[in-house]
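Novice: Residue numbers (the working numbering), protein chains in the order written: chain B, 4 to 116; chain R, 4 to 116; chain P, 4 to 116; chain H, 4 to 116. Where a beta carbon is used, it is the ideal one built from N, C-alpha and C, also for glycine.
Number of protein chains: 4
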Amino acid sequence: MRGLNKVTLIGNLGGDPDIQRVQEGVTVAKFSLATSESYKDAKGQVHTTTDWHSIVLWRGLAELAEKYLHKGSLIYVEGKLKTRNFEDKEGAKRYVTEIIGDQIIMLDKRDES
Amino acid sequence: MRGLNKVTLIGNLGGDPDIQRVQEGVTVAKFSLATSESYKDAKGQVHTTTDWHSIVLWRGLAELAEKYLHKGSLIYVEGKLKTRNFEDKEGAKRYVTEIIGDQIIMLDKRDES
Amino acid sequence: MRGLNKVTLIGNLGGDPDIQRVQEGVTVAKFSLATSESYKDAKGQVHTTTDWHSIVLWRGLAELAEKYLHKGSLIYVEGKLKTRNFEDKEGAKRYVTEIIGDQIIMLDKRDES
Amino acid sequence: MRGLNKVTLIGNLGGDPDIQRVQEGVTVAKFSLATSESYKDAKGQVHTTTDWHSIVLWRGLAELAEKYLHKGSLIYVEGKLKTRNFEDKEGAKRYVTEIIGDQIIMLDKRDES
DNA sequence: TTTT
DNA sequence: TTTT
Chain B
4 MRGLNKVTLI GNLGGDPDIQ RVQEGVTVAK FSLATSESYK DAKGQVHTTT
54 DWHSIVLWRG LAELAEKYLH KGSLIYVEGK LKTRNFEDKE GAKRYVTEII
104 GDQIIMLDKR DES
Chain R
4 MRGLNKVTLI GNLGGDPDIQ RVQEGVTVAK FSLATSESYK DAKGQVHTTT
54 DWHSIVLWRG LAELAEKYLH KGSLIYVEGK LKTRNFEDKE GAKRYVTEII
104 GDQIIMLDKR DES
Chain P
4 MRGLNKVTLI GNLGGDPDIQ RVQEGVTVAK FSLATSESYK DAKGQVHTTT
54 DWHSIVLWRG LAELAEKYLH KGSLIYVEGK LKTRNFEDKE GAKRYVTEII
104 GDQIIMLDKR DES
Chain H
4 MRGLNKVTLI GNLGGDPDIQ RVQEGVTVAK FSLATSESYK DAKGQVHTTT
54 DWHSIVLWRG LAELAEKYLH KGSLIYVEGK LKTRNFEDKE GAKRYVTEII
104 GDQIIMLDKR DES
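Take a look at the structure:
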């Protein structure tokens, strides 16, 4: 309680979703999402910066991603930030931060929904 | 353009902010923020999960953090997700994801604003 | 599909929630929420503006409001904007815009959750 | 302080923006935005509900709306809820709730930005 | 490492 | 009509 953990992104998929069946009837989809922003520097020149985000979708949303999303798709994603730790090959503790999506809106006309 | 990168969190500081003066007149504040959530499992038992987030504040917001925030403070933060890479001592590329805050609301009565 | 309708507010209740039982087992809670903001004008003087919002909660959230919320409570509300029309006593069409809440976080230490 | 008043919408313009020059160099744009949502009822049948919102943009954003937005454009808007009161022709006090936008993302490929 |  |  008394906690809020929300991420909202609008951006393009960097590649096709990677789909895994982790259990009978449970699908997971993973992909990178690029969010880009333009700004003007002191000299009035326009620069663009891009941030990349690791998106993870479960079950129904993963199946939707499998059917309709592909490299380049423009989407809105809402979800939660989760930082997982794992051991790398050398046995050192490493961290990854992912967005576990709980809502998707497809913004490309060509993608069906 | 056509990009959105927004994080909104409500949670408690895990420790006092770490304050650095990186340049004449430029302050940076860093701290961990815990967001907690409760849910009931299939047996009706309540579980609490906590996620930890790395928050970075610049300039005016960093000075505000220095003055008013401390271990345990309850705040609302809005900002952007940024993943930086750096080399660890072994020279391997590693990643950290941080939230660069651009708005703070102090939610503790005891903290001044 | 392809639609998003989201409101997020942090503010204080202007009065105790008005509770109605509209049906067997269905509770509705209504109250006004004040969100205040301070800004400095050109002369450096601080001004505060307050916006008032009509909040409507259904079922479980309404019961939670009945138990824990009262005049002055500080809360976070997330919900959807809905504009309803109704006829006034003169038979003219009038409109009200309400926020139908779907998440509440209580931010006062004295309120239980 | 201690207040948050934020609305985020993704939807289509119901008509071309209405543009007004209210002062030397100050433009205001107004338009209706439809946000649609689909849901399944108990019988599995899909229903769509649409909410309409009154959007107001000032200065630079209004000029951008004038240049690039038109009936049907798909946009993301972020802003604040404001309820204004005014007197109708009979002298009765009436209210309107508007969203004063402070960020726009154009989501149609055909609209330039 | 926080908080209720 | 709230709160600091």
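Could you tell me the alpha carbon to alpha carbon distance between H/Val31 and B/Ser39, rounded to whole angstroms?
Specialist: Distance between the alpha carbons of H/Val31 and B/Ser39: 27 angstroms.
Novice: Anything in the stretch 36-56 of chain H with a Cβ closer than 7 angstroms to a Cβ of chain P? List those residues in chain order, please.
Specialist: Those would be Thr38, Ser39, Glu40, Ser41, Asp54, Trp55 and His56, in chain order.
Novice: Considering only residues of the same chain and omitting the five flanking positions on each side of P/Gly111, which have a CB-CB separation below 6 angstroms?
Specialist: The amino acid at residue 111 of chain P is misidentified as Gly; the sequence shows Asp. Ser76 and Leu77.
Novice: At least one CB of chain B closer than 8 angstroms to the CB of P/Ile1: is that the case?
Specialist: Look at the range of chain P in this structure, 4 to 116, and you will see that residue 1 of chain P is not part of it.
Novice: When DSSP builds the beta bridges, which residues end up paired with B/Ala65?
Specialist: BP columns for B/Ala65 are empty, so no partner.
Novice: With a threshold of 8 angstroms on Cβ separation, who are the neighbours of P/Arg97 within its own chain once the five nearest residues in sequence on each side are excluded?
Specialist: For P/Arg97, where only same-chain residues beyond five positions count, the Cβ hits under 8 angstroms are Asn88, Phe89, Glu90 and Asp91.
Novice: Of the choices R/Gln48, R/Ile58, R/Ser41 and R/Lys43, whose alpha-carbon is the least far from that of R/Gly18?
Specialist: Ranking R/Gln48, R/Ile58, R/Ser41 and R/Lys43 by Cα distance to R/Gly18 puts R/Ile58 first.
Novice: Report the three-state DSSP secondary structure of B/Lys70 (helix, strand or coil).
Specialist: Reduced to three states, the DSSP call for B/Lys70 is helix.
Novice: Classify B/His121: buried if its beta carbon has 16 or more other beta carbons within 10 angstroms, exposed otherwise.
Specialist: Because chain B is modelled from 4 through 116, residue 121 of chain B falls outside the range shown and cannot be assessed.
Novice: Excluding the 5 residues preceding and the 5 following B/Val25 in the sequence, name in chain order all residues of the same chain whose CB lies nearer than 8 angstroms to its CB.
Specialist: Counting only Cβ-Cβ distances below 8 angstroms, and skipping sequence neighbours, we find Val31.
Novice: Cα-Cα, which of P/Ile107, P/Thr86 and P/Gly94 is closest to P/Thr100?
Specialist: For the residues P/Ile107, P/Thr86 and P/Gly94, the minimum Cα distance to P/Thr100 belongs to P/Thr86.
Novice: Establish whether the CB of B/Leu110 and some CB of chain H are separated by less than 8 angstroms.
Specialist: True, the Cβ-Cβ gap to chain H drops below 8 angstroms.
Novice: Leaving out five residues on either side along the sequence, give the residues of the same chain with a beta carbon under 7 angstroms from the beta carbon of B/Pro20.
Specialist: Only Ala32, Lys33, Phe34, Ala68, Glu69 and Leu72 meet the Cβ criterion.
Novice: According to DSSP, B/Leu36 sits in a beta bridge with which residue or residues?
Specialist: Answer is B/Leu16 and B/His56, bridged to B/Leu36.
Novice: Quick one: is P/Lys46 buried, meaning 16 or more other Cβ sit within 10 Å of its Cβ, or exposed?
Specialist: P/Lys46 comes out exposed.
Novice: Give the interface partners of H/Lys85 over in chain P, defined as CB-CB distance under 7 angstroms, in chain order.
Specialist: By Cβ distance, chain P contributes Asp54.
Novice: Go through its chain and collect everything with a Cβ distance to B/Glu66's Cβ below 7 angstroms, but skip five positions before and after it.
Specialist: Only Thr30 meet the Cβ criterion.
Novice: Quick one: what does DSSP say P/Asp105 is sitting in, helix, strand or coil?
Specialist: Note: P/Asp105 maps to strand in three-state DSSP.
Novice: Hey, is B/Ile107's beta-carbon within less than 8 angstroms of any beta-carbon in chain H?
Specialist: No, because no Cβ of chain H sits closer than 8 angstroms to the Cβ of B/Ile107.
Novice: Express the C-alpha separation of P/Glu93 and R/Leu84 in angstroms, rounding to a whole number.
Specialist: If you take the alpha carbons of R/Leu84 and P/Glu93, they lie about 53 angstroms apart.
Novice: Express the C-alpha separation of H/Gly82 and H/Lys9 in angstroms, rounding to a whole number.
Specialist: Answer to the nearest angstrom: the Cα atoms are 6 angstroms apart.
Novice: How would you write the range of the beta strand (DSSP E) that P/Arg24 sits in, first residue to last?
Specialist: Its beta strand (DSSP E) spans residues Asp21 to Gln26.
Novice: Please determine, among B/Ala37, B/Gln23 and B/Ala95, the residue with the shortest C-alpha to C-alpha distance to B/Val80.
Specialist: Closest option to B/Val80, Cα to Cα, is B/Ala37.
Novice: From the DSSP output, read off the bridge partner residues of R/Glu93.
Specialist: Answer is none; R/Glu93 lacks a bridge partner.
Novice: Excluding sequence positions up to five away, which residues of its chain have a Cβ less than 8 angstroms from the Cβ of P/His50?
Specialist: Ser41, Tyr42, Lys43 and Asp44, listed in sequence order.
Novice: Taking only three categories from DSSP, how would you classify B/Gly82?
Specialist: Of the three classes helix, strand and coil, the one that applies to B/Gly82 here is strand, per DSSP.
Novice: May I ask you to report which of helix, strand or coil DSSP gives H/Leu7?
Specialist: Here H/Leu7 sits in strand by DSSP.
Novice: Is the Cβ-Cβ distance between H/Leu60 and P/Leu7 less than 8 angstroms?
Specialist: No, the Cβ-Cβ distance between H/Leu60 and P/Leu7 is not below 8 angstroms.
Novice: Hey, does B/Leu7 have any beta-carbon neighbour from chain R nearer than 8 angstroms?
Specialist: Yes, B/Leu7 lies at the interface with chain R (some Cβ there is under 8 angstroms from its Cβ).
Novice: When you compare each of P/Ile102, P/Gly14, P/Ile107 and P/Arg5 to P/Gly63 by their alpha carbons, which one comes out closest?
Specialist: Among P/Ile102, P/Gly14, P/Ile107 and P/Arg5, the Cα nearest to that of P/Gly63 belongs to P/Ile107.
Novice: Quick one: list the residues of chain P neighbouring R/Ile102, beta-carbon separation under 8 angstroms, in chain order.
Specialist: Here the premise fails: no neighbours, minimum Cβ distance about 17 angstroms.
Novice: Whose Cβ in chain P lies nearer than 8 angstroms to the Cβ of R/Ile13?
Specialist: What R/Ile13 touches in chain P: Tyr79, Ile108 and Leu110.
Novice: Roughly how many angstroms lie between the CA atoms of B/Lys74 and H/Glu27, to the nearest whole one?
Specialist: If you take the alpha carbons of B/Lys74 and H/Glu27, they lie about 46 angstroms apart.
Novice: Thinking just about the alpha-carbon of each residue, which of B/Gly104, B/Asp105 and B/Arg5 is nearest to the one in R/Thr53?
Specialist: For R/Thr53, the nearest C-alpha among the options comes from B/Arg5.
Novice: With H, G and I counted as helix, E and B as strand and the rest as coil, what does DSSP make of H/Leu77?
Specialist: Three-state DSSP puts H/Leu77 in a strand.
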